[in-house]
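This report refers to the structure that appears directly beneath it.
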Amino acid sequence: MISPCDPAILSSNPQFKALHQQLTTAILNPDGSTRAHAADPSRRAVQADLKKYLARAVKARILTRIVAQVAAGDGNGGLDDE
11 MISPCDPAIL SSNPQFKALH QQLTTAILNP DGSTRAHAAD PSRRAVQADL KKYLARAVKA
71 RILTRIVAQV AAGDGNGGLD DE
């Protein structure tokens, strides 16, 4: 749930008031979840890009850990002695 904002804050900060009103009426549901529809093509494109970059980041992290383990001598990196 989005907590109510103090009216004094809204009256003293007109830009924040506009932002708060936009968030609470057009962007977010009363429970704080997004109003964006999952079937929206632009949202699908962003989700696909996010998935691609997440996979790339996970691969890089795995590679970094393996290189660090081999460099530190903490095992043989999963390789057999043969």
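Basically the working numbering = 1-based index in the sequence shown + 10.
Beta carbons: idealized from backbone N, C-alpha and C, even for Gly.
Just so it is clear, the structure is predicted and the values come from calculations on it, not from any experiment.
Query raised in the report: When the Cα atoms are used, what is the spatial distance from residue 11 to residue 36?
Result: So the alpha carbons of these two residues sit roughly 15 Å apart.
**Report entry** Spatial distance of residue 53 from residue 83 (CA atoms)
**Finding:** Residue 53 and residue 83: Cα-Cα distance of roughly 45 Å.
Query raised in the report: To which residues of the same chain is residue 39 closer than 7 Å at the C-beta, ignoring the five residues directly before and after it?
Result: 45
Query raised in the report: Who does residue 44 pair with in a DSSP beta bridge?
Result: 38
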